[in-house]
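So the working numbering is basically just the index in the sequence shown, starting at one, shifted up by 31. Where is the CB? At the ideal position from N, CA and C, for every residue including glycine. Structure first, then comments.
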Amino acid sequence: MDPYQKTPGAKMIYLIRRKPDTSREELVMHWFANHMPLVIGSQKEAARPGSPTRQSTRPTVRRGS
Numbered sequence: 032m033d034p035y036q037k038t039p040g041a042k043m044i045y046l047i048r049r050k051p052d053t054s055r056e057e058l059v060m061h062w063f064a065n066h067m068p069l070v071i072g073s074q075k076e077a078a079r080p081g082s083p084t085r086q087s088t089r090p091t092v093r094r095g096s
């Protein structure tokens, strides 16, 4: 594959830190339950004809419970 070949999209990777008392499974479940629906919704909105292509995202951080 040509590394300079045009592709239909971009891939982004984010590193996140979990609390010491939170298991990996709990973090994944939280992310899929609370953040994934927002990601899917914003992708659908961006794909809508006439929608602006520039997206603004804000990460959310919850401190304490």
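Rounding to the nearest angstrom, what Cα-Cα distance links residue i and residue j in this structure?
i          : j          : result
residue 49 : residue 42 : 22 Å
residue 51 : residue 59 : 14 Å
residue 64 : residue 77 : 21 Å
residue 46 : residue 62 : 13 Å
Quick one: residues in its chain with C-beta nearer than 7 Å to the C-beta of residue i, no 5 flanking neighbours on either side, listed in chain order?
i          : result
residue 66 : none
Grouping DSSP H, G and I as helix and E and B as strand, with all else coil, what is residue i?
i          : result
residue 58 : helix
residue 41 : coil
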